[in-house]
Amino acid sequence: MKRKLFRFLTNRYRQEQVGKPERDLFDTWYKSLDQRTDVQAADKDARRNRSWQKIQDAIGEGEELIDNKQKQIIAFRPWMGSVAALLLVASGFFYWRIQQEMQQTQEMVSMPAYRIFNTGVGERKVVNLPDGSTVTLNARTSLRVDENAYGRSAREVELLAGEAFFEVAKDSSRAFIVQAGRLQTTVLGTSFNIQTYAEMEEQVISVYTGRVKVQRGNNNLGTLEKGQRIRFEKQYANSTTEDFDTGNRYSSWTSGKQVLQDAGFEELALAVKNTYGITLVADNDRIARQQYSLPIRKSVPLDEFLEAIQSIHHNKIRKEGERVILY
């Protein structure tokens with residue numbers, strides 16, 4: 111039998127992949143050792159043993175080949191681990207780089223991006239802002255807008271010099287602010303006043319422009335328009351809605367001059383406390399039910415103001431430390 115065929119058959123035997131024709135060929139060759147007449151019996155046994163040894167050697171070579179492949183696989187595994195570690199490090203690096211670039215982008219967005227609008231001599235210009243507001247610039251005027259910050263939490267512009275007329279689009283969630291020198295002008299779109307002092311028996315919400323919705327938890331107390339206010343009694347959780355004059359009373363205190371009109375004693379006492387820091391007390395129920403209409407200015411001395419109070423209903427006053435008692 112040729113050597114190549116012999117190796118082929120022995121490998122097939124070892125792997126248990128021989129078919130019937132291959133097995134018959136192998137058996138025929140092995141039995142032929144007994145049929146040869148030119149060989150002595152001892153020689154036959156020796157040849158048979160050598161042939162068998164060749165088969166065993168061939169099988170051993172196959173096993174050695176398998177062992178070598180296993181060693182290659184084992185040697186390959188650490189290499190794969192190194193590659194995996196390298197890929198992990200690389201992916202971490204790229205992730206870090208992406209995060210850095212995103213952070214840099216966010217920082218660039220948050221950095222001021224000022225745009226300045228200028229007019230020359232005899233020139234006028236209309237600036238259209240992103241929210242729909244318009245600014246008309248007179249001659250020799252400069253307006254600066256931070257295009258990155260405008261409209262985020264507020265709509266803010268800066269009038270550097272000159273004169274400008276502002277037509278502000280309504281947006282109650284974002285105030286419109288104009289910075290001009292040392293002055294700052296804020297437009298809310300809707301203006302309203304809330305009074306909620308601890309010593310008062312009620313909360314008062316008054317609307318001057320626009321509309322305001324008032325709620326207590328999930329309970330809708332009403333939608334107020336200009337010239338309307340709601341009074342909410344703290345103790346009984348009752349509310350009433352009424353009209354009022356937007357020209358004075360609640361709005362006047364912001365200018366430093368408050369005007370009381372048919373105010374009850376409780377409201378008078380609150381105004382005195384806020385203006386002069388003293389406590390005004392009614393000595394009896396008759397005085398507690400009286401109403402007062404008068405202006406309150408901090409520039410007016412306290413004694414002069416108290417004289418005006420007692421003269422309205424011809425009451426008398428006495429001082430007890432930080433308290434002033436009307437009787």
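Position 121 (the sequence shown) corresponds to 231 in the working numbering; numbering is contiguous. Quick reminder that beta carbons are idealized off the backbone N, C-alpha and C, glycines included.
Per the coordinates, the alpha-carbon of THR244 lies some 12 Å from the alpha-carbon of VAL267. Pairwise C-beta distances place the segment 379-393 out of contact with the segment 351-358, as fewer than three of them are shorter than 8 Å.
Between ILE427 and TYR402, the CB-CB gap reaches or exceeds 8 Å.
VAL236 counts as exposed, since fewer than 16 other C-beta atoms from the protein chains shown sit within 10 angstroms of its C-beta. Here the alpha carbons of GLY387 and SER409 stand approximately 14 Å from one another.
By alpha-carbon distance to ARG265, the top candidate from GLY242, LEU247, GLY272 is GLY242. GLU414 sits in a helix when the DSSP states are folded into three classes. Taking all protein chains shown into account, SER282 has fewer than 16 neighbouring C-beta atoms within 10 Å of its C-beta and is therefore exposed.
DSSP, reduced to helix, strand and coil, places ASN425 outside both helices and strands of the structure shown, so it counts as coil. Its Cα nearest to that of TYR260, the residue ILE287 stands out among LYS367, ALA271, ASN328, ILE287.
Straight across, the Cα-Cα distance linking GLN313 with GLN371 is about 18 Å.
ASN384 sits in a helix when the DSSP states are folded into three classes. A direct Cα-to-Cα measurement between GLN325 and ARG262 gives close to 27 Å. Residue pairing for VAL278: DSSP places it in no beta bridge. Rounded to whole angstroms, the gap between the alpha carbons of LEU331 and GLU377 is 23 Å. If the five residues before and after THR385 are omitted, its C-beta is found closer than 6 Å to the C-beta atoms of ILE406, LYS408, all from its own chain and listed in chain order.
With a beta-carbon spacing of about 11 Å, THR246 and PHE227 fall beyond the 8 Å limit used to define contacts. Judged by DSSP secondary structure, ASP256 falls within the beta strand (DSSP E) whose first and last residues are 252-256. Of LEU253, THR251, ARG399, GLU309, the smallest CA-CA separation from VAL382 is found for GLU309.
Ranked by Cα distance from ILE419, the first of ALA379, THR319, GLU430, ALA279 is ALA379. As the crow flies, the alpha-carbon of ALA271 is around 22 Å from that of ALA285.
The closest CA to that of ARG399, considering only ASN425, LEU293, LEU416, PHE415, is found on ASN425.
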